[in-house]
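The structure appears below as structure tokens.
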Amino acid sequence: MEINIDQIIYWEWGFIKLNATLVYSWAVMVVLVSISWFVSRDLTEGTGISRKQALIESLVVVIQKQIEETTQEKTDRYLPFIGTLFLFILVSNLISVIPGVYPPTASLSTTAALAISVFVAVPIFGIGSRGVKSYFENYVKPTPLMLPFNIIGELSRTLALAVRLFGNIMSGSLIVAILLGLSPLFFPVVMQAFGLLIGVIQAYVFAILALVYIASASRIHNSEEADSTEIINPQNR
Amino acid sequence: MEINWFTFTAQIVNFLILIWLLKRFLYTPLQNVMKNREDEVLSRLEEARQKLVQAEEMSKEYREKMDQLEEQKEEWLEEAKKETESFRKELLQTARNEVDAIHAKWMKAIKSEKRSLMEALERQSVQKILSIVEKIVIDLSDTELEQQTIKRFLEKIKAKDEEGKTQLEKIRSEKEIEIVSSFPLKKADREKIDIVISGMFSDQTIYNYTTDPDLGFGIELQSNGWKLGWNMKMYLNELRSEVDTLLDQTFQSKSE
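Residue numbers (the numbering used here), protein chains in the order written: chain L, 11 to 247; chain F, 941 to 1196.
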């Protein structure tokens, strides 16, 4: 049992190593895009919509609602980024129940890549909606003394994002693997079910935290109040 | 527990590609579809709202019209009722007037009938009374009364002769004088009369004595359209003319 799935290499050419993480990431991508293409092929605007369209629509609407509730504003700006984040992590986590398949999120490279994406997306969205000056002023508020702490906060929460997801998923896989060795019947199944639950929760937590970071950086009005209320809720998971 | 930097970079790229793909195949088409549907629903709702408003306006308009009609109907009915009532009253009045006129006419006719009947009755009764009186007098007359009558006749002639000679002058020259009595004159009576009147007329005058029961009761001296004497008929005629005058006056005043 490999702890680091980056070490499972299927093909290698120079520094390019085609490991399990990349393969299963592509698999997840293919699944997501295929389903999207399959559904969006024949979308209808009328009232008589197909079941698959209803399913996908309700999924997207749920994500949109979640975004609206969290950001307290009606916008479609965050949907592609947050939605993709959530769907990718969710599917990645869920494929772990298939025997012999490794979830890409069990690799620290993947989770770090996602966390860095969030880290970069925060200033992009922030500057996009508030402007450069207003965005960077936020780091020296209420006093310039807070600047180092703010920067440390940014870095630490990015690290926390990456490690939290990696830890949860990797530990889930590891526990199942260990339990298989100890008692091959029943117990691993229960733990796998737990793993599914944790996978869904972690996808939700990751997406919501990313959204909170981005939204608080993009918020212009009553930003301090909003920050405090919004950051309270799922950060300590 | 280490990061493979190639994998790390590749995953970032993968993630960005996935964002683009999902945006291309999932979010944008779905959002468009949902947006269009929402717009359509909204437009339908708006349309329905407008139609509702329109319908409400129309219903209000119709209700107002109905109210107006109702009001007007009441008015018309009231007017028609009034007209009918006045027409009825008019008709009634006309009928009443006609009845009154007929009644009055009838009453007048009855009254005049009555009056004429009364008049005729009165006149007839007077006539009857007078004729009865006359008859009674004639029936009751006897020698005594005849003598009295002759005496009165002679006195009257004498009185006339003395006071009104001019009246007698006219007949003094008459050749023939008729002495008419209601009863037959005895010889002694005739002589008595002759003595009295012979002094008044010329000697050539002839005296004829006749009896005429139509004279009533009395004795008269008649000549060419002239007469002098005394009889009951004269009195009765006088009385009759007086009663007639009286009756005339009474009825005149009554009819007025």
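The C-beta atom is built at its ideal place from N, Cα and C for all residues, glycine as well.
This structure is a prediction, so every number in the text was calculated from the model and none was measured.
Residue environment, residue i, which counts as buried when at least 16 other CB atoms sit within 10 Å
| i | result |
| --- | --- |
| isoleucine 73/L | buried |
| glutamine 1144/F | exposed |
| leucine 1009/F | exposed |
| proline 194/L | exposed |
| alanine 125/L | buried |
| serine 127/L | buried |
| arginine 1003/F | exposed |
| lysine 1048/F | exposed |
| alanine 988/F | exposed |
| glutamine 951/F | buried |
| arginine 1028/F | exposed |
| lysine 7/L | Nothing can be reported for residue 7/L, as the shown portion of chain L is limited to 11 through 247. |
| glycine 58/L | exposed |
| threonine 141/L | Inspection of the sequence shows that residue 141/L is occupied by glycine rather than by threonine. Exposed. |
| valine 199/L | exposed |
| threonine 1083/F | exposed |
| arginine 61/L | exposed |
| phenylalanine 248/L | No statement about residue 248/L is possible, as the shown extent of chain L runs from 11 to 247 and does not include it. |
| proline 152/L | exposed |
| glutamate 1001/F | exposed |
| leucine 155/L | exposed |
| methionine 6/L | Here chain L has residues from 11 to 247 only, and residue 6/L is not among them. |
| proline 90/L | buried |
| glutamate 1014/F | exposed |
| glycine 191/L | exposed |
| asparagine 178/L | buried |
| arginine 167/L | buried |
Contacts around residue i, its chain only, beta-carbon distance under 6 angstroms, and the 5 residues preceding and following it disregarded
| i | result |
| --- | --- |
| isoleucine 943/F | none |
| alanine 227/L | Val132, Gly136 |
| aspartate 1129/F | Ile1090 |
| asparagine 29/L | Asp16, Ile18, Ile19 |
| threonine 80/L | Leu221 |
| glutamine 245/L | The pLDDT assigned to glutamine 245/L is 43, lower than 50, so where the model puts this residue is not dependable, and the model offers no usable value. |
| methionine 1172/F | Val1077, Gly1156, Phe1157, Gly1158 |
| alanine 172/L | Thr121, Ala122, Ala125 |
| asparagine 160/L | Tyr149 |
| valine 111/L | Ile105 |
| glutamine 76/L | none |
| leucine 169/L | none |
| asparagine 1037/F | none |
Same chain, Cβ closer than 8 angstroms to residue i, neighbours up to 5 away in sequence not counted
| i | result |
| --- | --- |
| phenylalanine 96/L | Ile73, Ala213, Tyr214, Phe216, Ala217 |
| leucine 992/F | none |
| valine 101/L | Val38, Val41, Leu42 |
| threonine 1190/F | none |
| threonine 1185/F | none |
| aspartate 86/L | Gln74 |
| glutamate 164/L | Phe129, Val132 |
The beta strand (DSSP E) enclosing residue i, as first and last residue numbers
| i | result |
| --- | --- |
| asparagine 954/F | Not the beta strand (DSSP E): asparagine 954/F falls in the alpha helix (DSSP H), residues 945 to 962. |
| isoleucine 10/L | With chain L covering 11 to 247 only, the question about residue 10/L has no answer from this structure. |
| tyrosine 214/L | Looking at the DSSP string, tyrosine 214/L is not in any beta strand (DSSP E); the run it does join, the alpha helix (DSSP H), is 197 to 228. |
| isoleucine 19/L | 19 to 23 |
Beta-carbon separation (whole angstroms), residue i vs residue j, contact threshold 8 angstroms
| i | j | result |
| --- | --- | --- |
| glycine 1156/F | serine 1121/F | Not a contact, Cβ separation roughly 11 angstroms. |
| leucine 1161/F | glycine 1169/F | 5 angstroms |
| isoleucine 1133/F | leucine 1094/F | 7 angstroms |
| valine 973/F | glutamate 55/L | 5 angstroms |
| tyrosine 34/L | proline 114/L | 5 angstroms |
| leucine 958/F | threonine 94/L | 6 angstroms |
| arginine 1063/F | leucine 1187/F | 7 angstroms |
| phenylalanine 946/F | phenylalanine 25/L | 6 angstroms |
| leucine 956/F | serine 46/L | Actually they do not touch by this definition, with Cβ atoms about 16 angstroms apart. |
Span of the alpha helix (DSSP H) around residue i
| i | result |
| --- | --- |
| glutamate 55/L | Careful: glutamate 55/L lies outside any alpha helix (DSSP H) and carries neither H nor E. |
| asparagine 178/L | 157 to 192 |
| glutamate 147/L | 142 to 147 |
Close Cβ partners of residue i (< 7 angstroms) along its chain, the five nearest in sequence each way excluded
| i | result |
| --- | --- |
| leucine 206/L | Leu104, Val107 |
| leucine 53/L | Gln63 |
| proline 1153/F | Ser1122 |
| asparagine 1177/F | none |
| arginine 247/L | Confidence at arginine 247/L is low in this model, with a pLDDT of 42, below 50, so the placement of that residue should be treated as unreliable; the coordinate-derived value is given next. So the qualifying residues of the chain are Val215. |
heavy atom of the ligand HEM below 6 angstroms from residue i C-beta
| i | result |
| --- | --- |
| methionine 156/L | With respect to the ligand HEM, the structure offers nothing, as it holds no ligand at all. |
| For the region 60 to 131 of chain L, which segments carrying the alpha helix (DSSP H) assignment without a break, of at least 4 residues, lie completely within its bounds, in sequence order? | 61 to 81, 89 to 104
| field | Every unbroken alpha helix (DSSP H) inside the region 1079 to 1167 of chain F [4 residues or more] | value | 1083 to 1103, 1105 to 1112, 1127 to 1138
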